[in-house]
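Reviewing the structure listed below.
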Amino acid sequence: MSEFSGKCDFCDEIEIYGLDRILNSKIYVEGSEIPLNLTCLADCVPYYPYVVVASCDLDDNLTIWLTSKSWVDIEEDRYGHFDCHDSYRQKLKEEIERINKK
Numbered sequence: 001m002s003e004f005s006g007k008c009d010f011c012d013e014i015e016i017y018g019l020d021r022i023l024n025s026k027i028y029v030e031g032s033e034i035p036l037n038l039t040c041l042a043d044c045v046p047y048y049p050y051v052v053v054a055s056c057d058l059d060d061n062l063t064i065w066l067t068s069k070s071w072v073d074i075e076e077d078r079y080g081h082f083d084c085h086d087s088y089r090q091k092l093k094e095e096i097e098r099i100n101k102k
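Heads up: the sequence shown runs through residues 1 to 102, numbered per the numbering used here.
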């Protein structure tokens with residue numbers, strides 16, 4: 001479970017497959033027919049709290065589909081705002097700042 005959503009999310013997929021494999025894969029946000037242009041870790045971090053809807057690894061061609069928005073936003077839309085949503089968003093903000101300093 002990721003510290004960015006409380007679910008198995010894109011951050012976990014990067015840990016599972018490795019950054020190089022993710023960067024050489026097709027990653028889609030639900031509803032889009034155009035894959036994300038991910039060239040480095042900094043490009044991936046904003047999508048950490050997005051949950052994986054489906055993935056397919058066929059002949060070493062990995063394709064991943066993510067939710068249309070972060071799991072935190074989805075939960076907040078469904079159930080209203082809770083303090084944990086602020087915590088997840090703060091963790092993401094700190095991670096983005098940390099990665100961008102490199």
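The C-beta atom is built at its ideal place from N, Cα and C for all residues, glycine as well.
Every value quoted in this text rests on a predicted model; they were computed, and no experiment measured them.
Separation of residue j from residue i, as counted between CA atoms
i, j, result
"Ser25", "Thr67", "17 Å"
"Ala88", "Phe82", "First, the amino acid is wrong: residue 88 is Tyr here, not Ala. Going by the C-alpha atoms only, they are around 11 Å apart."
"Glu76", "Gln90", "15 Å"
"Ile16", "Ile74", "24 Å"
"His85", "Gly6", "10 Å"
"Leu36", "Tyr28", "6 Å"
"Ile34", "Val52", "16 Å"
Buried versus exposed call for residue i [16 or more other C-beta atoms within 10 Å across all chains shown]
i, result
"Val72", "buried"
"Phe4", "buried"
"Ser32", "exposed"
"Cys44", "buried"
"Tyr79", "exposed"
"Ser2", "buried"
"Lys101", "exposed"
C-beta contact flag for residue i and residue j at 7 Å
i, j, result
"Leu62", "Leu41", "no"
"Ser55", "Ile64", "yes"
"Leu38", "Leu58", "no"
Residue i - DSSP class collapsed to helix/strand/coil
i, result
"Asn100", "helix"
Legend entry - Validate contact between the region 46 to 61 and the region 9 to 16 using beta carbons, cut 8 Å, 3 pairs: The region 46 to 61 is in contact with the region 9 to 16.
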